[in-house]
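*Asks:* Take a look at this one; I'll ask things after.
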Amino acid sequence: MDKRAELAEFLRTRRARLQPEDVGLRSYGGRRRVPGLRREELAQLAGVSVDYYVRLEQGRTNNVSEEILGAVAQALRLDDDERAYLRNLAKPTRSRRRPPRTERVRPGVRRLLDMAEGVPAYLIGRRADVLAWNRMAAAVFTDFGALEPARRNWGRMIFFNEDVQAVFDDWTIKARETVAFLRLRAGEYPDDPELAALVGELSVKNEDFRRWWADHNVKDKSNGRKLLHHPLVGDLVMNYESLRLPDDPDQILVTYTVEAGSPSEANLRLLASWNSEAPVR
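Written as structure tokens, this is what we have:
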């Protein structure tokens, strides 16, 4: 990934989504040649010279301070994920150990997944690969074990696997979240060849991915609610939580729960009874 080009596009798209009146600047009307804030307006808000901001946006500054990055982030109203992405792009390349080609799952994590019998749960890695899962996750989403390891990736599943696509009532939201997660990780690991190959494949083969990737939105895994349509038991309204492993923050444990006494709980129990003997590979 060309970090200079990514930095320029990221800042440009963040400026484009803000209007002068959004940030307390006077708009004098008339046609503006650029969407959103101009560079000089952003520089004024951040308290830096126009020349310095232009050089920052073009990736021509060395050792930019945290104070300036913070001022620019505040002026652009960036959230925490966007701030982290900006820092990864703007700061000099940090010394990183090359990501291993195969991510390892600790036996204790596998045991934890197995013991969470009534809670669909899976573990994802830095490239959104599903590294491990339990029986209920396979029952709810797809039989991960039946997929080739390379296909066991949320990017490929959500854009290429029609059965997985059909599970999500809010497919567009899930798909855009996946794109934003992959872009966030690309900012952390710009030299990861497998991640670059994944993004390239998705960009070439899927128009939606290509369009949403160009939006430069970033979003980490967090928590929320998903409405799923299961082909056997019907609707499942599920709340999810994303938990980073303390000894490997690149790995995230994602768990799904349902409200007690809800129709979703009854449907999930029915699904569990049908899959109680299904093997987990």
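Reading the sequence shown from the start, the letters are residues 1 to 281 in UniProt numbering. Just so it is clear, CB atoms sit at the ideal spot from N, CA and C, and this is done for glycine as well. Note that the structure is a prediction, hence the values are computed from the model and not measured.
From this set, Leu-11, Arg-4, Lys-3 and Asp-2, which residue's C-alpha is nearest Asp-215's C-alpha?
*Replies:* Nearest option by C-alpha distance: Leu-11.
*Asks:* Which whole-angstrom value describes the C-beta separation of Glu-177 and Asn-88, a residue pair presumed to lie in contact below a C-beta threshold of 8 angstroms?
*Replies:* At roughly 19 angstroms, the Cβ-Cβ gap does not stay under 8 angstroms, so Glu-177 and Asn-88 are not in contact.
*Asks:* Would you report the Cα separation of Glu-265 and Arg-135, rounded to the nearest angstrom?
*Replies:* Taking the straight line joining both Cα atoms gives about 16 angstroms.
*Asks:* Do the CB positions of Gln-251 and Leu-131 come within less than 8 angstroms of each other?
*Replies:* Going by C-beta atoms, Gln-251 is nearer than 8 angstroms to Leu-131.
*Asks:* Can you tell which of Asn-62, Ala-150 and Tyr-122 has its C-alpha closest to the C-alpha of Leu-253?
*Replies:* If we check each option's Cα against that of Leu-253, Tyr-122 comes out closest.
*Asks:* Any idea what DSSP makes of Ala-116, helix, strand or coil?
*Replies:* Ala-116: coil per DSSP, three-state reduction.
*Asks:* Classify Met-238 as helix, strand or coil using the three-state DSSP reduction.
*Replies:* Met-238 falls in the strand class under three-state DSSP.
*Asks:* Cβ of Phe-159 within 8 angstroms of Cβ of Leu-202?
*Replies:* Yes, they are a contact pair.
*Asks:* Would you decide whether residue 338 is buried or exposed? Buried here means 16 or more other CB atoms lie within 10 Å of its CB.
*Replies:* For the chain, the structure presents residues 1 to 281; residue 338 sits outside this window and is missing.
*Asks:* What are the boundary residues of the alpha helix (DSSP H) that Pro-193 is part of?
*Replies:* From DSSP, the alpha helix (DSSP H) with Pro-193 extends over 193–205.
*Asks:* Does the structure place the region 204–213 close enough to the region 227–237 that three or more beta carbon pairs sit under 8 angstroms?
*Replies:* Touching, no.
*Asks:* Is there contact between the region 33–41 and the region 58–71, where contact requires at least three CB pairs shorter than 8 angstroms?
*Replies:* No contact exists between the region 33–41 and the region 58–71.
*Asks:* Just to check my reading of the structure: Arg-185 and Arg-127 have Cβ atoms closer than 8 angstroms, yes? What is that Cβ distance to the nearest angstrom?
*Replies:* With a Cβ gap of about 7 angstroms, Arg-185 and Arg-127 count as contacting.
*Asks:* If I follow the unbroken alpha helix (DSSP H) through Val-50, where does it start and stop?
*Replies:* First-last of the alpha helix (DSSP H) with Val-50: 50–57.
*Asks:* Near Leu-18, what residues of its chain come up, given a Cβ to Cβ distance below 8 angstroms and the 5 sequence neighbours on each side ignored?
*Replies:* Result list for Leu-18: Gly-36, Leu-37, Leu-76 and Arg-77, in chain order.
*Asks:* Could you name the residues of the same chain whose beta carbon sits closer than 6 angstroms to that of Phe-144, not counting the 5 residues immediately before and after it, in chain order?
*Replies:* The answer, listed in chain order, is Val-130, Trp-133, Ala-138 and Arg-152.
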